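Everything on this sheet refers to the single structure shown next.
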Amino acid sequence: MATTLAKAAEGAVATAAPAARIEHVSKSFTGPAGSQLVLDDISLDVAPGEFVTLLGASGCGKSTLLNLVAGLDRPSAGSIETAGRPALMFQEHALFPWLTAGKNIELALRLRGVPKSDRKPEAERLLELVRLGGAYGKRVHELSGGMRQRVAMARALAQDSRLLLMDEPFAALDAITRDVLHGELTRIWEAANTGGSAAGGLSVLFVTHNVREAVRLAQRVVLLSSRPGRVAKEWAVGIPQPRRIEDADVAELSLEITEHLRGEIRRHGQH
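Positions in the sequence shown are counted from 1; adding 19 to them yields this note's numbering.
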């Protein structure tokens with residue numbers, strides 16, 4: 020299926036605008052020590068239906084770039100265009116603890132303008148999609164860490180966006196739960212893109228500092244240099260899905276990318 024999706028995404032590029040277009044974007048912050056350049060002249064397109072991971076050392080500006088694409092901040096230079104408003108999923112689930120799982124999702128549906136009578140059935144459908152059927156009435160404290168991230172994913176999908184931005188959403192989870200959610204995310208992304216429409220069903224821009232996670236998930240891995248963040252290198256991932264994080268092909272490509280990442284860290288004098 021991954022090969023079909025990749026071909027569909029390639030064909031869609033010629034007929035539809037990118038899900039995200041980042042052109043010559045730079046970002047500086049001003050602090051007590053003066054102005055600091057965090058991102059420097061980044062250009063990157065995310066094709067319709069494409070899954071891209073942003074990889075780099077801590078502090079290289081990955082999350083800053085994601086925030087810019089989400090519209091939470093503005094670039095100091097350059098421009099960003101997206102196909103509609105992106106949906107954003109954070110490292111922390113950011114669920115409202117006084118609401119049930121279902122009501123957290125309904126809140127996103129209400130903000131999207133979904134009629135009240137349709138919200139509960141749609142929230143239940145989204146919970147089924149992330150394999151949490153029957154959890155509509157559960158409070159946040161009744162859910163495990165993995166279940167909370169599933170609800171957060173369902174809430175992000177409730178925004179019905181063509182672009183899903185994910186900022187290290189599985190970093191705080193144990194290895195087994197993380198592996199399960201890798202599979203769930205891949206399944207949902209593939210299902211959203213089945214049919215290969217020109218508009219592209221769902222594009223994902225996923226931030227991580229975990230090389231194996233990047234290779235496990237993505238069609239394309241983009242490595243950012245250490246601060247200031249620049250696009251250092253890209254890899255097309257031709258390994259068919261479903262992949263496992265322990266697969267030999269995943270390990271081999273991860274080793275190659277890790278060597279480039281180490282080189283960037285050494286080049287910038289970070290440890």
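Just so it is clear, CB atoms sit at the ideal spot from N, CA and C, and this is done for glycine as well.
Being a predicted model, the structure only gives us computed values, none of them experimental.
For residue 36, which of helix, strand or coil comes out of DSSP? The residue given as residue 36 occupies position 17 in the sequence shown. In the structure shown, residue 36 sits in coil (DSSP, three-state: anything other than H, G, I, E or B).
What's the C-alpha gap between residue 128 and residue 150? Taking the first residue of the sequence shown as position 1, residue 128 is located at position 109. Taking the first residue of the sequence shown as position 1, residue 150 is located at position 131. Using only the alpha carbons, I get a separation of about 19 Å.
Does the count of Cβ pairs from the segment 173-193 and the segment 96-112 closer than 8 Å reach three? Because the criterion of three Cβ pairs below 8 Å is met, the segment 173-193 and the segment 96-112 touch.
Do you know how far the Cα of residue 196 is from the Cα of residue 165? Here residue 165 refers to the residue found at position 146 when the sequence shown is read from its first residue. Here residue 196 refers to the residue found at position 177 when the sequence shown is read from its first residue. One C-alpha to the other measures close to 6 Å.
Residues bridged to residue 61 by DSSP? Here residue 61 corresponds to residue number 42 of the sequence shown, with the count starting at 1. Bridge partners of residue 61: 44.
Closest by C-alpha distance to residue 47, when choosing among 87, 69, 203: The sequence position of residue 47 within the sequence shown is 28, counting from 1. Residue 47 has its Cα closest to that of 87, out of 87, 69, 203.
According to DSSP, simplified to helix, strand and coil, what is residue 130? Here residue 130 is taken as the residue at index 111 of the sequence shown, counted from 1. Helix, per DSSP.
Would you call the CB atoms of residue 121 and residue 139 closer than 8 Å? The residue given as residue 121 occupies position 102 in the sequence shown. The residue given as residue 139 occupies position 120 in the sequence shown. For residue 121 and residue 139, yes; Cβs fall inside 8 Å.
Measuring from the CB of residue 172, is there a heavy atom of the ligand SAH at a distance below 7 Å? As far as ligands go, the structure on display features none, and thus does not contain the ligand SAH.
Out of 251, 235, 280, 283, point me to the one whose CA is closest to residue 268's CA. Reading the sequence shown from its first residue, position 249 is the one you call residue 268. Looking at the Cα atoms, 235 is the closest of the given residues.
In this structure, how does DSSP classify residue 273 when only helix, strand and coil are distinguished? Locating residue 273 in the sequence shown gives position 254, counting from the first residue. In this structure, residue 273 counts as helix in the three-state DSSP scheme.
Give the C-beta separation of residue 224 and residue 44 to the nearest angstrom, bearing in mind that I take them to be a contact with Cβ-Cβ under 8 Å. For the purposes of this step, residue 224 is taken as residue 205 along the sequence shown, with counting starting at 1. For the purposes of this step, residue 44 is taken as residue 25 along the sequence shown, with counting starting at 1. Going by Cβ atoms, the distance from residue 224 to residue 44 rounds to 13 Å, so no, they are not a contact pair.
From residue 255 to residue 238, what distance separates their C-alpha atoms? Within the sequence shown, residue 255 is the residue found at index 236, counting from 1. Within the sequence shown, residue 238 is the residue found at index 219, counting from 1. Those two C-alpha atoms are separated by around 6 Å.
Return the first residue and the last residue of the beta strand (DSSP E) that residue 241 is part of. Here residue 241 refers to the residue found at position 222 of the sequence shown. Where residue 241 is concerned, the enclosing beta strand (DSSP E) stretches over 239-243.
Indicate the three-state DSSP secondary structure (helix, strand or coil) for residue 258 in the structure shown. For this step, residue 258 is matched to residue 239 along the sequence shown. Coil at residue 258, not helix or strand.
Distance, Cα to Cα, residue 285 vs residue 203? The residue labelled residue 285 in the question sits at position 266 within the sequence shown. The residue labelled residue 203 in the question sits at position 184 within the sequence shown. Going by the C-alpha atoms only, they are around 35 Å apart.
Please determine if the segment 90-104 and the segment 257-268 are in contact, where contact requires at least 3 C-beta pairs separated by less than 8 Å. No, the segment 90-104 is not in contact with the segment 257-268.
Enclosing beta strand (DSSP E) for residue 106 [first to last residue]: Indexing the sequence shown from 1 puts residue 106 at position 87. Element bounds for residue 106: 106-108.
Ignoring anything shorter than 4 residues or poking outside the segment 78-119, list the alpha helix (DSSP H) runs there in chain order. Segments of the alpha helix (DSSP H) lying fully in the segment 78-119: 81-89.
Terminal residues of the continuous beta strand (DSSP E) containing residue 222? By 1-based counting over the sequence shown, the position of residue 222 is 203. For residue 222, the enclosing beta strand (DSSP E) begins and ends at 222-227.
Which listed residue (176, 229, 159, 167) has its alpha carbon closest to that of residue 208: Translated into the one-based positions of the sequence shown, residue 208 becomes position 189. Residue 176 is the option with its Cα nearest to residue 208.
Taking C-beta to C-beta, are residue 38 and residue 101 nearer than 8 Å? Working through the sequence shown from its first residue, we reach residue 38 at position 19. Working through the sequence shown from its first residue, we reach residue 101 at position 82. Closer than 8 Å, so yes.
Rounded to whole angstroms, what's the CA-CA distance from residue 280 to residue 135? Just pull it up for me. Position 261 of the sequence shown, counting from 1, holds the residue named residue 280. Position 116 of the sequence shown, counting from 1, holds the residue named residue 135. Residue 280 and residue 135 have their C-alpha atoms roughly 49 Å apart.
Nearest candidate by alpha-carbon position, reference residue 252, set 123, 161, 282: Taking the first residue of the sequence shown as 1, we reach residue 252 at position 233. Comparing Cα-Cα distances from residue 252 to each of 123, 161, 282, the minimum goes to 282.
Under the DSSP definition of a beta bridge, which residues are partnered with residue 55? Stepping through the sequence shown from its first residue, residue 55 is reached at position 36. DSSP output for residue 55 lists 48 as bridge partner(s).
What are the partner residues of residue 182, as DSSP defines its beta bridges? The residue labelled residue 182 in the question sits at position 163 within the sequence shown. Listed as beta-bridge partners of residue 182 by DSSP are 222.
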